[in-house]
Amino acid sequence: MIPRLDYQGSVSPLVIAFLDALTARGFQGDVDKTYGGRLAMATDNSVYQVTPQAVLFPRDADDISHMLTLAQESRYRELSFSPRGGGTGTNGQSLSAGIIVDLSRYMNRILEINTEQGWVRVQAGVIKDQLNAALKPHGFFFSPDLSTSNRATIGGMVNTDASGQGSLVYGKTSDHVLGLKAVLENGEIIATEPLKGARLADKLALESREGDVYRTLYRIGRERRADIEATFPRLNRFLTGYDLKHLYDPSEDLLDVSRVLCGSEGSLGFIVEARLNITPIPRYRTLVNVKYDSFPSALRNAPFMVQAQALSVETVDSKVLNLAKADIIWHSVRSLIEEVPGKQMDGLNIVEFADLDEADHGAKVTELCRRIDALMARGEAGIIGYQVCDHLPSIEAIYAMRKKSVGLLGNADGRKKPVAFTEDTAVPPESLADFIMEFRALLDEHGLDYGMFGHVDAGVLHVRPALDLCDPEQEVMLRRISDRVVALTAKYGGLMWGEHGKGFRSEYGPAFFGELWQELQRVKGAFDPNNRLNPGKICTPFGSQAELVSVDGPKRGKYDRQIPLPVRTSYTRALDCNGNGLCFTFETDSPMCPSVKVSRDRRHSPKGRAGLMREWLRQLALQGFDPLAEEVALQSGGVRFKQIVDKVRNTWARSRGQYDFSHEVMEAMEGCLACKACTSQCPIKVDVPSFRSRFMQLYHSRYLRAPKDYFVGTVESYTPWMAKAPRMVNFFLEKEWMQKASEKVLGMVDVPLLSVPTLAESLHDNKARYFDLPGLERMSAEQRQKVVLIVQDPFTSYYDAPVVRDLVHLCDKLGYQPYLLPFKPNGKPQHVKGFLRGFARTAANTAQFLNKVARLGVPLIGVDPAMVLCYRDEYAKALGEARGEFKVWLPQEWLLTLPAPEVSTAADEPWYLFGHCTEKTALPASTQEWKQVFERFGARLEAVAVGCCGMAGTYGHDARHLEHSRAIYGLSWAEPLARLPKERCLATGYSCRSQVGRMEGEKLKHPLQALLERL
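Okay, so the sequence shown: first residue is 1 according to the UniProt record's numbering, each after it adds one.
Next up, the structure:
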């Protein structure tokens, strides 16, 4: 039995008093001081971990102003505040031991779009891709392009002065900021824009914090201009923290405070709104993907590509390419970056041209290709081939692969993982190749593996050495390498932080800025004299004794190393999460983690759940408890009376409010839909459903289960019995009082009705024969070639029997004799609810039966993707080699092995496929396979881009999840189903068809039913 975990971190009485006072004074946002909520904000995409005292989610600028105004009271003066957006920073910029203020949950509205003047006004929590989706119908986009664009917020982009691909043309975020709205440390709300003349004079005369800011910046801009020009290197990607270089224009006596706020990492004020200029979307885009025999060849050839007037030149090395090939993302780009026969591709330059004029665009592309052909003919530059791509969806697929490289590097095998701490060095592009050669020699000297990718056109390369930070010696090595890379970038006229900001690297600031360091301190002092906003980042106020944060700051490895190695290894898919945040994606048509999309609570994400699991395992270790030994005991041992008594006692204590950190973990796990999108969509392959089931099993060794767990977990046991009298069962289920009783007693709503007629009744014409092993064994091999075996699952066989019936008829029409296998429980519901002992028994029994049947050499076909894929994934994990070699085919996989049937005429009207999220992510080729099948049947199938439907097995029937289930459906399914003819819409998943039936009042067909119509 797992112990009770009463550690929940310490929240100071002062913070609690402040939060109570803030709420009493009308703070409209959310306040979270739970340990789980604070842990979700304790990490980002860096190596660091700092748990805040509390997390606030303001609804507007006034909330932030009220918060900071209250904090001016003398009793609260020691409190500090740090803004947070997407939480994707690689250097701990938004991590703080104070109070985190998350602007992404509510402050995410696009306020105004002015296409005539070419600008947009947005709140700080707007996501970059969200903004571009809104601008696209107007023919514009916000041009700074990040690898994290589907979860990075505009506020975060401003605070880090983010740039990315195409920065030679499009510049950094600060180059597009027309004005900002910010809240200062004392609660003043200011608006900034370039000012001169009388308007500037008015600001300089203000007797307020804003006036102090303007006077300080105006003096620095005028008096230190020459020093600034002499100190700051001329780099495209140049981040100083406080951008003194662009603060002041002496030719117009113009001051732009916005330029100092850009890149300030939340240390000067809370940026709440931004007015940004927008760029016309290029009408013509082309990628030239140039392949090289080595990475150094790609680096040295990059300036040649830039000279071709390209928008950008992006590079990746062989390590990143090989990781991409092992990821789901490669399916979308395989044909666009083909291997060169007989040659090894160890480097790739992605050269993009983007223009408004077609003739100019075509001339650039043609000229580059001519020059590449000439180099290849002479055997120069290490170029082994190239491909031209001007198909927009394909271009976006290639960039999706490139963007995912950030996360893919963290998916290396072994305990050493590539980590971000030297990942955005910037040097003059002409020096990049030589710099990288020295950089590589430095890493090779330490025997480290690493991957490299980046923006060679701007001299920025992302380098992530592989370290095991659970090893204290490796943490020392991180520091040593960091210091040497700082010196190396200085040698080549560059700097350590070319793109991702300072954060915990702020300690290097004084040496870099020299005499100008005190001016930066004066900037900090003007904005934040008491050092309360993201303290320790970038610099401290002039005259302050406060210290800067250090590269040696608290790291995740410090906590993870407290977990025994065997446990870390066993739970690697939780421990390996590097915080890249892809699970926070804005894209509603992405299957990735619907629970975080609808809740906007980071705990309900793969990253959040992995973080909670890490801490749970750590606390167990500190109490000397071995979860692996307990799992073995639970799998083999029986239940003793004392255990039941203890469970009752513990459950009673829970109902009385006794704290156990396990309850916070359980809350997050129960919010998971077990859709398994994270297992393939996450670049690290964080597998929440697997460790979720293990957690639930262990949790319920201490606490009693709710009745609904047994109702769901045993569904495959009682459903066949209920199906013997379906009309009587349905008679009661249709009664309102029964549904109410179900909700009150079991916590289940909308319990589905059984199929009437039953499957057996609907097959009265004997199209399907029931399984007869001796009879099949007596058949000749030639006879068995025309036999198929249909593997039943409880949901389609008993609740959606027409689908199985029509599969039988389809097989018959195609000239095959279908046999219906006897129903054998699959075990998926047991796994979802953490009945792992029962699941192991079920899986073993069913696998034994299916292996026996598979020896006939006859195809086994299952209908529901979630159930079929359980045989492939969960069975393999639970049984290992004992699973055997049997394979259950999905319908489209089997149909593709058959010759095309004869159909009368081709159909003009298309069908529309709404794919099952587990099927789309675990089998990325499934949609294309269905398209190919329909083509063979003379029909046209179009895939509809949707995420999760919100049902996910029994999740949507849980009364506690009903609101979220409906909201998830509304994110992506509701709109296309309202727009398209429902009679032409198809869904492969039983749960998807059930959700549509509940929400729309009519069920969708399965694709095989549409194919049957064609015959």
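Note that beta-carbon positions come from the ideal geometry of N, C-alpha and C, so glycine has one too.
Does residue i come out as helix, strand or coil in the three-state DSSP assignment?
i, result
"Met41", "coil"
"His964", "helix"
"Ile538", "coil"
"Asn159", "helix"
"Trp911", "strand"
"Asp202", "helix"
"Arg784", "helix"
"Phe353", "strand"
"Asn531", "coil"
"Lys824", "coil"
Which residues bound the beta strand (DSSP E) around residue i?
i, result
"Lys607", "Lys607 -> not in any beta strand (DSSP E); alpha helix (DSSP H) instead, spanning 606 to 622."
"Gln123", "119 to 123"
"Cys917", "Unbroken run through Cys917 is the alpha helix (DSSP H), 917 to 922; no beta strand (DSSP E)."
"Ala526", "Careful: Ala526 lies outside any beta strand (DSSP E), inside the alpha helix (DSSP H) at 517 to 527."
"Val101", "99 to 102"
"Pro591", "It is not in any beta strand (DSSP E) - Pro591 carries neither H nor E in the DSSP assignment."
Name the two residues that bound the continuous alpha helix (DSSP H) containing residue i.
i, result
"Glu1002", "Careful: Glu1002 lies outside any alpha helix (DSSP H) and carries neither H nor E."
"Ser680", "678 to 681"
"Ala374", "358 to 377"
"Ser65", "61 to 70"
"Tyr170", "167 to 170"
"Glu670", "661 to 670"
Counting only the same chain and skipping the five closest in sequence on each side, list residues whose C-beta sits under 7 Å from that of residue i.
i, result
"His957", "Met748, Val749, Asp750, Val751"
"Val169", "Leu311"
"Arg25", "His66, Leu70"
"Asp253", "Lys196"
"Thr23", "Val31"
When the Cα atoms are used, what is the spatial distance from residue i to residue j?
i, j, result
"Phe439", "Ser482", "11 Å"
"Phe81", "Ile99", "5 Å"
"Leu879", "Lys33", "42 Å"
"Met722", "Ile329", "44 Å"
"Lys128", "Glu188", "27 Å"
"Asp528", "Asp357", "48 Å"
"Ile278", "Ile110", "13 Å"
"Ala900", "Phe295", "46 Å"
"Ala741", "Phe731", "15 Å"
"Gln72", "Asn186", "6 Å"
"Tyr248", "Pro83", "26 Å"
"Thr651", "Leu131", "47 Å"
"Lys403", "Val567", "32 Å"
"Thr90", "Asn45", "5 Å"
Looking only at C-alpha atoms, which of the options sits nearest to residue i?
i, options, result
"Glu667", "Ile644, Val549, Arg609", "Arg609"
"Asn851", "Val213, Tyr871, Tyr248, Asp129", "Tyr871"
"Met435", "Met496, Glu396, Ile398", "Checking the displayed sequence, the identity of residue 435 turns out to be Phe instead of Met. Taking only the C-alpha atoms, the option nearest Phe435 is Met496."
"Gly637", "Leu836, Glu445, Pro829, Thr796", "Leu836"
"Glu445", "Met452, Phe421, Arg480", "Arg480"
"Gln117", "Leu178, Leu856, Thr366", "Leu178"
"Ala511", "Phe232, His331, Leu478", "Phe232"
"Pro683", "Ala326, Leu810, Leu22, Glu743", "Ala326"
"Phe542", "Glu519, Leu200, Thr796", "Glu519"
"Glu664", "Gly611, Thr714, Pro465, Ala1010", "Gly611"
"Val996", "Leu977, Ile16, Ala133", "Leu977"
"Gly557", "Pro606, Ile2, Asp468", "Asp468"
"Ala230", "Asn91, Gly493, Arg77, Arg464", "Gly493"
Output needed for residue i: all residues of its chain with C-beta closer than 6 Å, excluding positions within five of it in sequence on either side, in chain order.
i, result
"Ser506", "Lys537, Ile538, Leu548, Val549"
"Val598", "His964, Ala967, Ile968"
"Gly862", "Val791, Val868, Val888"
"residue 1022", "Residue 1022 is absent from the model: the chain starts at 1 and stops at 1015."
"Lys181", "Ala191, Val272, Glu273"
"Ala97", "Val50"
"Ile64", "Pro58, Val183, Phe270"
Is there a Cβ from chain B that is less than 8 Å from the Cβ of residue i?
i, result
"Trp721", "Protein chains in the displayed structure number just one, and chain B is not present."
Who are the near neighbours of residue i in its chain, counting only those whose CB is closer than 8 Å to its CB and skipping five residues on each side?
i, result
"Thr588", "Lys597, Gly947, Leu971, Ser972"
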